[in-house]
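Have a look at the structure below, then the notes.
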Amino acid sequence: MCLYCWDTEPSQVNPEGPRHHHPSEVTERQLADKRIQNMQNLKKEKRRLRKRFARASPIPEPGLLRSS
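Quick note on numbering: the sequence shown equals residues 1 to 68 in full-length UniProt numbering.
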């Protein structure tokens, strides 16, 4: 909305400035970031467990080593 005054340029009553985001928009972004972080943590945990429980080479029986 503009107010017209004599001898001056129109001035805006509500100037366009930085808009405050609606609280739900902020929480949506926070939820998305949290989901991404949880997925990354799951990938790290899966990688860690895969290394921990990887199949090792079978240990030979003690009797087989003494046969020489």
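Ideal Cβ placement from N, Cα and C applies to all residues, glycine included.
On a predicted model such as this, the values are computed, not experimentally measured, just so you know.
Assigned with DSSP and collapsed to three states, Glu61 falls in coil, not helix or strand.
One Cα belongs to Pro58, the other to Met39, and the distance between them is close to 34 Å.
Straight across, the Cα-Cα distance linking Pro62 with Glu45 is about 35 Å.
The alpha-carbon of Arg48 is positioned some 14 Å away from that of Arg55.
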